[in-house]
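Numbering follows numbering that gives the first Met the number 0, in which position 84 of the sequence shown is assigned residue number 83; successive positions increment by one, without gaps. Backbone N, C-alpha and C fix where the C-beta goes; we use that ideal spot for every residue, glycine too.
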Amino acid sequence: MGKTVLIVDDAAFMRMMLKDILTKGNYEVVGEASNGQEAVEKYQELKPDFVTMDITMPVKDGIQATKEIMKIDPNAKIIVCSAMGQQAMVIESIQAGAKDFIVKPFQANRVIEALQKLE
């Protein structure tokens, strides 16, 4: 198997779509989280190669979770997932330490490309 990925999104449907894209792209999905708090906990537990991070989530948003993961691991490779029209939040995420962003609805080739660029 290839590199490991933690998928973080509050929508189960989005996690399922991403998991499908990543698995077909030879990535191993080692965990899923439905909010930022879970994301930080699972990151510490699983130490994945990559994280796909939704921005807008309950409990703790993706920006806050990104900041916390970057404190734990300054080399974390986090790719933010955003809906259209969230440019300000994407910029804030990048400043928080995210390495790239992908826009929903996901295009399979763009998702894989974003991960490959960081390998």
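- Annotation: the continuous alpha helix (DSSP H) that includes Asp-19 extends over 11 to 23.
- Between Pro-47 and Leu-5 a beta carbon distance of about 4 Å is seen, short of the 8 Å cut, so the two are scored as contacting.
- Distance from the Cα of Leu-117 is smallest, within the candidate group Ser-81, Thr-51, Val-89, for Thr-51.
- Within a 10 Å sphere around the beta-carbon of Lys-76 sit 16 or more other beta-carbons, which makes this residue buried.
- For the pair Ser-81 and Lys-59, the CB atoms are not nearer than the 8 Å cut-off.
- Ranked by Cα distance from Arg-109, the first of Ala-95, Ala-87, Val-79, Ile-90 is Val-79.
- For Gln-36 and Phe-49, the gap between their C-alpha atoms comes out near 17 Å.
- In the displayed model, Met-69 falls within a helix according to three-state DSSP.
- Residues Asp-9 of the same chain have their beta carbon placed closer than 6 Å to that of Ser-33, with the five preceding and five following residues left out of the count.
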